[in-house]
Structures are given as structure tokens and as C-alpha cells.
Amino acid sequence: MKNILLSETPYKIIRIALGVIFFYSGFLKLTDLSSFKEVISAFGIVPWQIRSFTALLISTSEFIAGIGLILDIKGSLTAVFSMLIMFIIVLLYGIQMGFDIDCGCFGSDDPIGSAFHGLRSAFVRDVILVFFTTYLFIWRKLTSFTPVSPFLYCKKLAYKKL
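Heads up: the sequence shown begins at 11 in this note's numbering, then just goes up one per residue.
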């Protein structure tokens, strides 16, 4: 069992799956920022003056972190983990306040959001995703793996095009 968990296959599958989830989520939100801004408004945490900026920042961060995680670029896993912790805190706040709203995780008109409507299911999903990100961190530590620096990745791309 230990050999399976330390092999590269589960690491790649989980990393790419998490990357795709964040890429997809960020993409959907970027295509409908006004709806995502309304979801942010429903929580009542962000001042109205910066809701548009916040919607753009979160969506863009998810999108970029998702791509980075798919490509295994340094810092992407930390960004995904940090966003998940932030989302969990906001979801706990919404649950504590008794809100019956969509979490906005996958944008508006999302079939996944419709099927699993509610903050509690989003909370459980995010906790599971934190478990997977923790596995990725542990895997990297146990295998002494270091993802590629974003600067080295860009440099490699530049040399391939020449």
C-alpha cells in the first residue's frame, strides 16, 4: 500500500484533477462575473465598493492556480490550498449565519451546484479537497520532489519555440 501511495501515478491523477477543478471553476466564474459578484454580495462579507474586484480576483486566481497545478508549477499547490482554506472559512460563516444560498463554487447555472445546492455540501467537498492537497504536499515531502519554478517553466517554453 505504501508503494502505491508513494508512486507518481496517484500524485499525477490527484494533482491534475484538482487543477482541472480550479481551472474549470475559475473559467466559469470569469465568463459570468456579474453573477459571481451577486453570490459574493449574498454573503455580506465584502464591501460593495470592491465586490467586482473581488469577483475578478478570486476567479482569475482559481483559473491561474488551476493551470499551474496541471503543469505542476511551484506555488500553485499552495495557492489552491490557501483558497480552499479561505472558502472553508467563508462557508462556515455562511452556515453559522444560517444562509440558504448557493456557494457560487462553479458559477451560475451550474449542474453540479444545482445537484449539491447548499453550503454544507460545499463545505464537505472543500474539506475533501483539502485532504487531497495535503496528500500532495506530503507526497512531495516524502519523495523530495520540487515542482518547476514559474520562471524556469517560461524559460523552457521560450527555448522550445526558438
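Yeah, the Cβ is synthetic: ideal placement off N, Cα and C, and Gly gets one too.
So, helix, strand or coil for residue i, using DSSP?
i	result
V56	coil
L16	helix
I95	helix
L83	Leu is not the amino acid found at residue 83; the sequence shown has Ile there. Strand, per DSSP.
F126	Any reading at F126 must be qualified, since the residue scores a pLDDT of 47, below 50, and its modelled position is unreliable; the value itself is stated next. In this structure, F126 counts as coil in the three-state DSSP scheme.
Got a sec? Which residues, its chain only, sit under 8 Å from residue i by beta carbon, not counting five neighbours each side?
i	result
T156	K84 and R150
V30	G76 and I80
A125	Low confidence applies to A125: its pLDDT is 47, below 50, so where it sits in the model is not reliable enough to give any reading.
Between residue i and residue j, is the Cβ-Cβ spacing less than 7 Å?
i	j	result
I105	L129	yes
G108	G76	no
K39	S69	yes
I99	D136	no
L43	A65	yes
L87	L146	yes
What does the alpha-carbon distance come out to for the pair residue i and residue j?
i	j	result
G114	R61	14 Å
G117	I148	31 Å
F112	F73	Checking the sequence shown, residue 112 turns out to be Asp, not Phe. Cα-Cα distance, rounded: 20 Å.
T144	L16	14 Å
S45	F142	29 Å
I95	V140	8 Å
L152	Y103	35 Å
F53	S131	16 Å
E48	N13	47 Å
V56	M93	16 Å
S51	Y169	45 Å
F10	K166	The structure shown has nothing for residue 10, since the chain only spans 11 to 172.
I138	D82	20 Å
I24	S159	20 Å
P20	F63	36 Å
L28	F133	16 Å
L67	K22	27 Å
With a CB to CB cut of under 6 Å and the five nearest residues on each side skipped, what residues in its chain are close to residue i?
i	result
F91	T143
E18	none
I26	I80
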